[in-house]
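Residue numbers (the UniProt record's numbering), protein chains in the order written: chain X, 1 to 658; chain S, 1 to 658.
There are 2 protein chains.
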Amino acid sequence: MNPDLASERQTASFSVEKLTARLDGGAEHTRIRRAVVEAIECDPVFSRENQYFQSQNERYEAAVRKAVHLQKKMHEMGWTEDGPEFKYIYRALSGDIAFLLHRIFMRSISMLGSDKQIAKWIPLATQYQLIGSYAQTELGHGTYLQGLETTAVFDITTQEFILNTPKISAMKWWPGDMGRSATHTVVFAQLYVQGKCYGVHPFIVQIRSLQDHSLCPGITAGDIGPKMNFEHVDNGYLMLQNVRVPRENMLNKFCEVQPDGTYARWGSQKINYFTMTTVRISLISDEVIIPLMKACTIAIRYSVVRRQSKLKPGEQEAKILDYQTQQEKLLPQLAAAYAFHFINNYLQELFDKVYREIQRKKFDTLPELHAFSSGFKAMVTQYCTSAVAICLQACGGHGYSLLSGLPSLYTKIVASCIYEGENTILLLQTARFLIKCFMAAGAGQPVPPSVTYLAAVKPGKCPAKNKLDFLSPDVYTEAYQHMAARLISSTAAKLQDLIQCGVKKTDAWNQCTVQLVQAAKAHCHYITVKNFAETVEKLETKAGIQKIMKHLCDLFALHGIFSNGGVFLHDGYVSGAQMDMVTASYLDLLAVIRKDAVPLVDAFDFTDKSLNSALGSYDGQVYQRLYEWAQKSPTNKQISPAYERYLKPLLHNTLSKL
Amino acid sequence: MNPDLASERQTASFSVEKLTARLDGGAEHTRIRRAVVEAIECDPVFSRENQYFQSQNERYEAAVRKAVHLQKKMHEMGWTEDGPEFKYIYRALSGDIAFLLHRIFMRSISMLGSDKQIAKWIPLATQYQLIGSYAQTELGHGTYLQGLETTAVFDITTQEFILNTPKISAMKWWPGDMGRSATHTVVFAQLYVQGKCYGVHPFIVQIRSLQDHSLCPGITAGDIGPKMNFEHVDNGYLMLQNVRVPRENMLNKFCEVQPDGTYARWGSQKINYFTMTTVRISLISDEVIIPLMKACTIAIRYSVVRRQSKLKPGEQEAKILDYQTQQEKLLPQLAAAYAFHFINNYLQELFDKVYREIQRKKFDTLPELHAFSSGFKAMVTQYCTSAVAICLQACGGHGYSLLSGLPSLYTKIVASCIYEGENTILLLQTARFLIKCFMAAGAGQPVPPSVTYLAAVKPGKCPAKNKLDFLSPDVYTEAYQHMAARLISSTAAKLQDLIQCGVKKTDAWNQCTVQLVQAAKAHCHYITVKNFAETVEKLETKAGIQKIMKHLCDLFALHGIFSNGGVFLHDGYVSGAQMDMVTASYLDLLAVIRKDAVPLVDAFDFTDKSLNSALGSYDGQVYQRLYEWAQKSPTNKQISPAYERYLKPLLHNTLSKL
């Protein structure tokens, strides 16, 4: 154990184990999680040790191997999809596994298929007698689903749909598991019956032979090539040329083309809305918050092991975490990881509530959940992506080595800003909801509890008199609330003004979008601060947990004010003198939290294998590990042909004979 | 040619060719640059076409091949190191070449070696009878050179230095060309003579045999393994165990160990200072600004080809650059690319001036150049790194494909924040200079012209009355000046206060570093805005160039105020109402510049080969190119063994027999 790291743990102001249990939602969950992690990590098939050395081909093959092996493992361990272990498996694998789209294939059939279709396809999929994918996005269309160009024309004579890719931009592009693995996929296409377009519908299409995996007639498919990360996923392309599927292959829970060509639609499609929301909420924890927690663990442990330069002449070189600038880089990211963990719990609760209501056929709360999950997905992914980039750069050159684990965390998390709804689009959806609520609140109509604050926008001044006042959650929560309400109301006013000046509604909206995005972010930031403060209040006071969480909550809140001073100062709610108090308290907090920085990342409870980092290991043997690991690189195993071919002739001055 | 892209070029408000010539520093330079680019790009050895598909081993080999071939090419073309073509070669190769450290090896001998040493080593290096590297950074030390742990002990009996790596953290780590190529290197080590340490000195050490390239006795060396980018460079590690080099191998222009063990030192070492400065300035253009220009070219061309969703119902889908949010992502980055191009010219001029003075043995202006080059290196690298990340995310999923070219631009540019001086350290050096100048100015002492504004810090109000006033360079330059002066003076005051309260100087400094970094950035931002405005003033008014550059200058300045509102509002210099005017003018400018966005990136004059991007090509055939390129991926050429091994048994339900 590196003594510089060991000493950090001796002075923890709280019980790490208790905080871990709190994060897991109870000690029993911690126990289950650890058992899953242990079982996965002791199995060499799931090893990620060579990951940083592997090619895209090798990563894909390993992911398939793991996915197949996982079936066996689950059987062996007695883990089921409904069991308490299930949610920890993906996390323990760090998502490095194939067939995730197979699950989406199944889910879409369950959601959009009739009972008959479910009865036919789900057992086949469950038993892996086919491998499914989900072909929605096209080369030319992602966000705007109505614009998809793939066509499905009903042929009444054969009772089939004829699917086509009419132009190159209509080619399906990105679907996971489709480039090399899938035998079937759900294709989203514009439905045409007797020349009339009925919009986008889902069709089950077989793309590869179940006998020899060759492409089916009319199918062109392959891998879309190298990406910034996700080498383990065979994101694919798909072209369809007069591919015929039987009438029964259109998923028909909500609508159907009848044998005579009549198009019939029934039931509510609102539930589709809900599916997207489910996916967005579920990705926040595993794909976004956990990677940030890992990045913080790596960067903070490294920052107490790395000594560089001297704080005082004559002394030993200082741990880099003792520099204020390093604290200011890392500790706000650590506070954010906790803030987002708690806001994720909040979203889960909201989700569960809405889910219960939907089961009672009540859809009233769906718009709120949709708006919030959109906004939080955008805010959290963007914030965490920047935070991971900060952690990486804060580790200097060693952070830039793949062996630190940080580059792959960054290149993976950055994708979360784009997939499952591009962030700007999502924030504008949140903004649309907020503007609507603001208008309704102004007109005295009822609005959801989380936005009632919009009804009471008023000028005012922050009451803080000294820097300690800014450690009061009431003071800073109020400041956030005021700021969010002001941004929403002023943007609503601008929108109204433009429309009253004769600008068309759509143009007016576009001219306000920069500010609408800002307002939506402000709302989400406010709710996150408020939720963090409320969570802290409810925490047990013993074992020092509430106290340290209070510090983190303060830091998260004050960091936000310090970094976004303009929106707080704008109308004088916070004065320049008060901003200086914020800055002073903020910088004071850094020094306070710095003392518990290592215990706070230890509480995330990552194993060395799950971090897969030469910088972040529990024992802090950074340099030894970097050296040992680098020696295993293929660049050191293979004698480069470059020597005989180029270097030798050059050095022996035979260049002219080349 | 994609008609959506073609139409953007028909309405250019200025002459693209004239702007290109202005950027190159004259039409003659444009001609020479194009000739170099043409010669490099038509030579298949220099092709980068397969780059995104290659492994680290393949990238290294290609880089060596190119470096060797370049010798021949230069000879063929009649290009010399002193010729006007030379500076365009590296740019034309996009830096994708080996032996760059060989040049640093030569430069360090030229700067630090005696005439005798130069006479011996430089001809050998020039003729590639050896391959050099430069071994400074260690596993445990980067920033703090005095802390290096490698030792060189003088053995008076044999007249040799004995070099050692006393512990693992002392291992040399990162030197380019050293992992696999170099035969020699300059090792920086703590010099010990008769038990006394004389600090860090440079020694020429042979590490590999000139006959068979095997490692020399006592040498352990290899490649440090995979990194976020720079796969083409064999960054290496080096351990030394009792490696002996003759007394003559210590570079001794400034100091020497005489045969009897006497240590002698003479001359000024200030020039070393100058070397670091030279490197920092030279990297800004090729490694930072050019990549940002490329990213802007790719993202902006793509944003007029990509159509998604509708601005107005019933209309065709809109070009994504017509959305205000997309303009707000990309156009400020475009303005920054121009701003930094001009500030780079400013730095070059300052550099040339200082260089002339140094040749007359005058070192007075060196501290200013050092402080500015440090600050600008930090500001420009950080800004451009964020800007490239924005360009990447603004292209959605396609930006995430390596084939867009954007991921490799990002993963490469992010390293520039770390190498050649970590940015926070550099900004603190700038801050130290600024604080010193502020104190001197306050005491009535003379200060360099660029910081005289610090002498006249005074309260005041921005005079702008309406949004058009904020299009006056005087108004916004004044605002930046006021803001920078305020941040520097208030941080100086805090520092003084702490010291007067009895806090030790070093502790006080550490407690102010977050604000010192902010102040240094503010100063650099101010100078950049001021320089942009002054440059615009001097531009020719014809051909529409001055007008569009004025718009970009305004945008760069207002974007900075809009995004950093807090520091302008803090003391009331800018009021909330004025901030609304800034916002209004800023958003107006987006719509104005959007019209010229494509011509403005065309003026950067990148060829398709230099962009190496499926999204950014001149003809805008994005989807066709993505598809054709993806098909060439090795993931599509090789039948994955995963099918026979895992998928087939799984699909044929033979899992249990696995």
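Glycine included, each C-beta is placed from N, C-alpha and C at the ideal position.
Computed from a predicted structure; not experimentally measured.
*asked:* Suppose you measure from the CA of residue 265/X to the CA of residue 122/X; what does that come to, to the nearest Å?
replied: On the first sequence, residue 265/X is found 265 positions in, with the first residue counted as 1. On the first sequence, residue 122/X is found 122 positions in, with the first residue counted as 1. So the two alpha carbons sit approximately 23 Å from each other.
*Would you be able to state if there are at least three C-beta pairs under 8 Å between the region 317 to 325 of chain S and the region 401 to 421 of chain S?*
no
*asked:* Rounded to the nearest angstrom, what separates residue 45/S and residue 178/S at their Cα positions?
replied: Translated into positions along the second sequence, residue 45/S becomes position 45. Translated into positions along the second sequence, residue 178/S becomes position 178. Between residue 45/S and residue 178/S, the C-alpha separation is close to 23 Å.
*Is it a yes or a no for the region 587 to 594 of chain S touching the region 516 to 531 of chain X, going by three-plus beta-carbon pairs under 8 Å?*
no
_Three or more C-beta pairs under 8 Å: does that hold for the region 536 to 553 of chain S against the region 11 to 22 of chain S?_
yes
*Is residue 163/S near residue 170/S, with beta carbons less than 8 Å apart?*
The residue labelled residue 163/S in the question sits at position 163 within the second sequence. The residue labelled residue 170/S in the question sits at position 170 within the second sequence. No. Outside cutoff.
_Could you check whether the Cβ of residue 19/X sits closer than 7 Å to any heavy atom belonging to the ligand ZN?_
For the structure depicted, the ligand ZN is absent and the ligand set is empty, with no information on it obtainable.
_Using only the alpha-carbon positions, how far apart do residue 373/S and residue 254/S sit?_
Numbered from its first residue, the second sequence carries residue 373/S at position 373. Numbered from its first residue, the second sequence carries residue 254/S at position 254. Each residue's Cα considered, the two are about 25 Å apart.
*If you drop the 5 nearest sequence neighbours on each side, which residues of the same chain put their C-beta closer than 8 Å to that of residue 100/S?*
For the purposes of this step, residue 100/S is taken as the residue at position 100 of the second sequence. For residue 100/S, where only same-chain residues beyond five positions count, the Cβ hits under 8 Å are 176, 177 and 233.
*How about residue 431/X and residue 441/X: do their beta carbons lie closer than 8 Å?*
The residue given as residue 431/X occupies position 431 in the first sequence. The residue given as residue 441/X occupies position 441 in the first sequence. No, Cβ-Cβ distance for residue 431/X and residue 441/X is not below 8 Å.
*Tell me, please, whether the CB atom of residue 370/S is closer than 8 Å to any CB atom in chain X?*
Numbered from its first residue, the second sequence carries residue 370/S at position 370. By this cut-off, residue 370/S is not an interface position.
*Could you please tell me which residues of the region 257 to 291 of chain S, in chain order, have their CB closer than 8 Å to any CB of chain X?*
none
*Since residue 634/X contacts residue 57/S with CB under 8 Å, what's their CB separation in whole angstroms?*
Residue mapping note: residue 634/X aligns to position 634 of the first sequence, counting from 1. Residue mapping note: residue 57/S aligns to position 57 of the second sequence, counting from 1. Confirmed, Cβ separation roughly 6 Å.
*Other residues of its chain near residue 536/S: CB distance less than 8 Å, five sequence neighbours each side excluded*: In the second sequence, counting from the first residue as 1, residue 536/S sits at position 536. Here the set comprises 473, 546, 549, 550 and 553.
*Would you please verify whether the beta carbon of residue 199/S is less than 8 Å from any beta carbon of chain X?*
As a position in the second sequence, residue 199/S is number 199, starting the count at 1. Not one chain X Cβ lies under 8 Å of residue 199/S.
_Between the alpha carbons of residue 543/S and residue 14/S, how many angstroms are there, rounded?_
For the purposes of this step, residue 543/S is identified with residue 543 of the second sequence, where counting begins at 1. For the purposes of this step, residue 14/S is identified with residue 14 of the second sequence, where counting begins at 1. Looking at the two C-alpha atoms, the distance is approximately 5 Å.
*Taking just the CA atoms, how far does residue 138/X sit from residue 149/X?*
Walking along the first sequence from the start, residue 149/X turns up at place 149. Walking along the first sequence from the start, residue 138/X turns up at place 138. Answer to the nearest angstrom: the Cα atoms are 8 Å apart.
*asked:* Could you check whether residue 379/X and residue 525/X sit closer than 8 Å to each other, using their CB atoms as the reference points?
replied: Numbered from 1 along the first sequence, position 525 holds the residue referred to as residue 525/X. Numbered from 1 along the first sequence, position 379 holds the residue referred to as residue 379/X. Yes, the pair counts as a contact, with Cβ atoms nearer than the cut-off.
*Taking the alpha-carbon positions, what's the residue 213/X to residue 639/S distance?*
As a first step, residue 213/X must be located in the first sequence, where it is residue number 213. As a first step, residue 639/S must be located in the second sequence, where it is residue number 639. For residue 213/X and residue 639/S, the distance between alpha carbons rounds to 11 Å.
*Proximal residues of chain S, C-beta to C-beta of residue 415/X below 7 Å*: Against the first sequence, residue 415/X aligns to sequence position 415. Within 7 Å Cβ-Cβ: 400.
_Bridge partners - residue 220/X, DSSP secondary structure assignment_ = As a first step, residue 220/X must be located in the first sequence, where it is residue number 220. Answer is 239/X.
*Within the 8 Å Cβ cut-off, does residue 422/S reach chain X?*
Taking the second sequence and counting its residues from 1, one reaches residue 422/S at position 422. Cβ-Cβ to chain X under 8 Å: yes for residue 422/S.
*Check whether the Cβ of residue 174/S lies closer than 8 Å to any Cβ atom in chain X.*
In the second sequence, residue 174/S corresponds to position 174, counting from 1. At least one chain X Cβ lies under 8 Å of residue 174/S.
*Could you spell out where the alpha helix (DSSP H) holding residue 8/S opens and where it closes?*
Numbered from its first residue, the second sequence carries residue 8/S at position 8. Where residue 8/S is concerned, the enclosing alpha helix (DSSP H) stretches over 3 to 10.
*Would you kindly work out how many angstroms separate the C-alpha atoms of residue 360/S and residue 384/X, rounded to a whole number?*
Position 360 of the second sequence, counting from 1, holds the residue named residue 360/S. Position 384 of the first sequence, counting from 1, holds the residue named residue 384/X. In a straight line, the C-alpha of residue 360/S is about 52 Å away from that of residue 384/X.
*Could you tell me the distance, in whole angstroms, from the CA atom of residue 159/S to the CA atom of residue 245/S?*
As a working note, residue 159/S is residue 159 in the second sequence. As a working note, residue 245/S is residue 245 in the second sequence. Roughly 9 Å separates the two Cα atoms.
*Beta-ladder partner(s) of residue 201/S, from DSSP*: Position 201 of the second sequence, counted from the start, is the residue given in the question as residue 201/S. Answer is 189/S, bridged to residue 201/S.
*Return no unless some Cβ of chain X is closer than 8 Å to the Cβ of residue 657/S.*
Stepping through the second sequence from its first residue, residue 657/S is reached at position 657. Confidence in residue 657/S is poor, its pLDDT being 46 and thus under 50, which makes the residue's placement unreliable; the coordinate value appears in the next sentence. It does not: the Cβ of residue 657/S has no partner Cβ on chain X nearer than 8 Å.
*Would you please verify whether the beta carbon of residue 157/S is less than 8 Å from any beta carbon of chain X?*
Numbered from 1 along the second sequence, position 157 holds the residue referred to as residue 157/S. False, the Cβ-Cβ gap to chain X never drops below 8 Å.
*Taking only runs of the beta strand (DSSP E) that begin and end inside the UniProt domain "Acyl-coenzyme A oxidase N-terminal" (15 to 131) of chain S, which ones reach a length of at least 3 residues, in chain order?*
none
*Please confirm if residue 314/X has its CB atom under 8 Å from at least one CB of chain S.*
Residue mapping note: residue 314/X aligns to position 314 of the first sequence, counting from 1. Output row for residue 314/X: interface = no.
*chain X residues whose Cβ lies nearer than 8 Å to that of residue 661/S*: For residue 661/S there is no data in the structure shown, the boundaries of chain S being 1 and 658.
*Consider the Cβ of residue 57/X: report whether some Cβ of chain S lies at a distance smaller than 8 Å.*
Stepping through the first sequence from its first residue, residue 57/X is reached at position 57. For residue 57/X, the answer is yes, since a Cβ of chain S falls inside 8 Å of its Cβ.
*Sequence-distant residues of its chain with Cβ nearer than 7 Å to residue 12/S (five each side left out)*: Position 12 of the second sequence, counted from the first residue, corresponds to residue 12/S. Excluding residues within five positions, the ones whose Cβ falls inside 7 Å are 596 and 599.
_Contacts that residue 227/X makes with chain S (C-beta to C-beta distance below 7 Å)_ = The residue labelled residue 227/X in the question sits at position 227 within the first sequence. Ordered by position in chain S, the residues that pass the 7 Å Cβ test against residue 227/X are 400, 401 and 402.
*Name, please, each residue of chain X whose Cβ falls closer than 7 Å to the Cβ of residue 646/S.*
Your numbering for residue 646/S matches position 646 in the second sequence. Going along chain X in sequence order, the residues near residue 646/S (Cβ under 7 Å) are 64, 65 and 68.
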